[in-house]
Every structure is written in C-alpha cells, then in structure tokens.
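Trainee: Please see the structure below; I have some questions.
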Amino acid sequence: MISLARAASRLATTAAARGSGLAAPLGAAPGLSARRHLQSSAEPTKTLKVGIIGAGRIGQVHAQTLAYRCPSAEPLMIVDYFPEVAKSTAAEYGIPESGSDYMDVVNHPDIQAVWVCSPSSLHAEQIIASAKAGKHIFCEKPLATELAEVDDVMKVVEDCGVKMMLAFQRRFDPNFARLRQAIVDGVVGDPFTFRLTSRDPAPPPVEYVLKSGGLHNDMAIHDFDVARFLMGCECTEVTALGACRVDPKIGSEGGDIDTALTMLRFENGAFGTVDNCRQSPQGYDQRVEVFGSKGQVSFGNNYPSGVEIADGASVRSADLPHDFFLKRYEEAYKNETIAFVDSVVNNTPVPASGWDGRAAMVMAQAAKKSLNEGRPVKTSEIQA
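Here UniProt numbering is used: the first residue of the sequence shown is 1, the next is one more, and so on.
Here is the structure:
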C-alpha cells in the first residue's frame, strides 16, 4: 500500500494532468470566485503556532495530535465555554494557556492558526473573526448551518487571504486515500457504480438530534463528500429514502430519520448509493466499493486485530469492528492535522477546502428536499 503523503502527491499531479475534477474549484457558489486552491499571501513559517477553540471530544483529539503527533505545530492556547475543561485539557497536553473566550485565541499575538472545534452554530462567527485577525483556519464541519452563511464565510476568508481547511477526515484515511488513488490510476477504468455504507453503533440522544441539522447534514454529509472525492467531479442529482426504524423518538421528538438510502448521480455518468443507519449491532460499519469498466476496488471494516477463530461452526473474526469513529479514523485525524499544518508551513494548497464543504452541504440539502418531496432533486435546484 502506498503512503498517504505519496498518494496525495501522486493524486495532485495526476489530477492536474488528466483534468480531474479534483483539480477544479468544485462547489463554488454562483457569483463568487471559486479560488479553491489559492496560495496564502502570508509568509511561510516552519513551526506553526496554533490555538484551539473548543475542548470537547473532537477538540481534545486535535489537541493531542497537535501536542504529540505533529512536530511542525506548537499549540499555545485552548479555550472552551467551560474554562475548567479547557484548563484540564491544557494541563494534560502541555498547552501553556487556557481560557473561556474564543477571542483570546483570535487576538493572541503569537497564534498563527486557529482550530475551530466548537458547536456548529458558532463556526461562522469564529471563522470570520479569525480570518479578519489574519489567522489561518482549520474547521470541523460544517462551516456554517445555512448555505448563504457559508458563502459569506468563504468571501471573508478569501478577502483576508488566509488558508482555511474543512475537516473531512475520511479523505485522509489510508483506505480511502488508496482507493481514490486506484481510481485516478485507472485501475477501475471508467467508474460505473459505487456503494458506501456508513452505520453508527448506537443512536444519539434526541437532544443531539435536535441540534444536529438532521441525518443528512450531520452523518451522511461525510459520505457525500467521500463520494464526490472518489468520483472527482460534481454530483448532479440526489434521490433519498428514509424512515425511523431504530428509535421512534428520533422521529416523533427529533423530527428526523435514523435510517436512509440515498442515490447520487455524478457528472461523469457514475451513480451509486449511500446507506446510513444510526445503529449497527455489529459495530461501526464503514465499507466502500467502486465498480468500473476495467475492474473493482473496495475495502471492508477495520478491526482491532486480524485474528480469526475457526471451529466446528464457522470461520470468523475474533473481534467486532472498531466501536466508533474516533478509533476507526484515529490515523485520519492525525493525517488531516499534519496535512493542514504542512499546507501552511510550506504555503501549498489545502487538500479539503471550504468549497468542498459547500458542495457536500448542497448534496445534503438536496437529499433532505428529495426525502420531503418524494422525487429526485437536481443539485442545481439548491440555492443559497
């Protein structure tokens, strides 16, 4: 298997040479210049001094990576709405300063880049403040909760000339990166169909569902981005089915679905399905297959070990798949962090931009519209 860094390098070279959609400004909003791969006007630096906004579950993942697994980064401050959480996280990872006000990170004279790991509803204002302060930005999805707000954010970021990367971590998983490289290398020929399966081990509480933006915006959006990443071009049409099959309260109290099947059509003629469920008895279920004119590429679930049990009844894995996304994508979280730091340090294009986030949001909104109206929806119908 090729390394992620080598795969990314070959992907960029091959995409540019072949005119792949990955080299184009995908997902740009009408009326805005799609400068997806702009180089920053800021001077390159060899050690990136960073601040982290949000010390929750994902903020702590990034704090650990920045502190211990990314030699080119130096975390200086972490803040959180709960200052005691920020303080304990700072102590655990050797971060010098902590606090409760995100503007302390934004205004810190030594911080060059900001990690936005706060609740989704706060992302837009924190990105805009960081960009206006001349800070580069790494943001967990989404950039904002509304498409028009995403466009406003992107305009400010571009006008300020800073880099911004959206944390679609699956692009940085070695399996997804290698599968994409096989497609770029022509192993499957022209892609015909694909299948993406993404199922969580247990449903979230209704309180989470109410704030999540719905299954398509919260969960399936990662699969929509990966489908677009693998196909290397834009999605043109979305058809969605969905229901509450796991927890009736998700529907009756949360106004959402917990099980969905979504069909996506792409500009290259390929189409495929995204299969989502909020509960999977066998663990965190992540599988992919792409079939084309010359062959097929696929991968199955990741397991804690490769041990098999063989007895008189069957041959089977000794373990269930990894129990949740933090463990399954542990390597991807490290890789995406290193990729963004390297992008800033070396002043190279970010590998997952805000335009990528916008395109995935359009697909998610098209899926929701299709589900509500019971018909296929063109992505061109979705307007800010």
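We put the beta carbon where it would ideally sit given N, CA and C, even for glycine.
(1) From R358 to A144, what does the alpha carbon distance come to, in whole angstroms?
(2) In the DSSP assignment, the alpha helix (DSSP H) including Y219 goes from what residue to what residue?
(3) From D80 to R316, what does the alpha carbon distance come to, in whole angstroms?
(4) Return the chain-ordered ranges of every alpha helix (DSSP H) run that is complete within the segment 108-141 and spans a minimum of 4 residues.
(5) Would the beta-carbon of M77 fall within 7 Å of that of E92?
(6) Please state whether DSSP places P71 in a helix, a strand or coil.
(7) Where does P191 sit, in a helix, a strand or coil, going by DSSP?
(8) What separation, rounded to the nearest whole angstrom, lies between the Cα atoms of N301 and Q286?
(9) Could you check how far apart the C-beta atoms of I127 and C139 are, in whole angstroms? I think they sit under 8 Å.
(10) Under DSSP, the alpha helix (DSSP H) around C277 begins and ends at which residues?
(11) Assign S88 to one of three DSSP states: helix, strand, or coil.
(12) To the nearest angstrom, report how far apart S252 and A131 are at their CA atoms.
(13) Write down every uninterrupted run of the beta strand (DSSP E) in the segment 146-194 whose length is 3 residues or greater and which is fully enclosed by it, in chain order.
(14) How would you label R36, buried or exposed, when you count the other beta carbons within 10 angstroms and need 16 or more for buried?
(15) Between T89, E373, P109, C277, which has its C-alpha nearest S100's C-alpha?
(16) Under 7 Å between the Cβ atoms of T65 and T348?
(17) Are the segment 214-233 and the segment 360-368 touching by the rule of at least three beta carbon pairs closer than 8 Å?
(18) Under 6 Å from any heavy atom of the ligand SAH, does the C-beta of E289 make it?
(19) With a CB to CB cut of under 8 Å and the five nearest residues on each side skipped, what residues in its chain are close to A202?
(20) Distance, Cα to Cα, R245 vs S72?
(21) How should I183 be labelled, buried or exposed, when 16 other C-beta atoms within 10 angstroms of its C-beta is the threshold for buried?
(22) Can you list, in chain order, the residues of its chain whose CB lies under 6 Å from that of V377, leaving out five sequence neighbours each side?
(23) Taking the C-alpha atoms as reference points, what is the distance between L261 and K155?
(24) Looking at W115 and I52, is the spacing between their C-beta atoms short of 7 Å?
(25) Which class does A55 belong to by DSSP, given the choice of helix, strand or coil?
(26) Is the beta carbon of G292 sitting closer than 7 Å to the one on F192?
(27) In chain order, what residues of the same chain lie with their CB nearer than 7 Å to the CB of A364, ignoring the 5 residues before and after it?
(28) Could you give the distance in angstroms between the alpha-carbon of I382 and the alpha-carbon of R199?
(29) Could you give the DSSP three-state label for G357: helix, strand or coil?
(30) Using only the alpha-carbon positions, how far apart do Q169 and A129 sit?
Mentor: Judging by the given coordinates:
(1) 9 Å
(2) In the sequence under discussion, the amino acid at residue 219 is Met, which differs from the Tyr named in the question. Note, M219: premise wrong, no alpha helix (DSSP H); not H, not E.
(3) 44 Å
(4) 123-132
(5) no
(6) coil
(7) strand
(8) 5 Å
(9) 6 Å
(10) C277 -> not in any alpha helix (DSSP H); beta strand (DSSP E) instead, spanning 271-277.
(11) helix
(12) 40 Å
(13) 164-166
(14) Because R36 sits at a pLDDT of 34, beneath the cut-off of 50, its placement in the model cannot be relied upon, and the point is left open.
(15) T89
(16) no
(17) yes
(18) Looking for the ligand SAH in the displayed structure turns up nothing, as the structure carries no ligands at all.
(19) R278, Q279
(20) 46 Å
(21) buried
(22) V238, A366, K369, S370
(23) 34 Å
(24) yes
(25) coil
(26) yes
(27) H216, N217, A220, I221, F224
(28) 26 Å
(29) helix
(30) 24 Å
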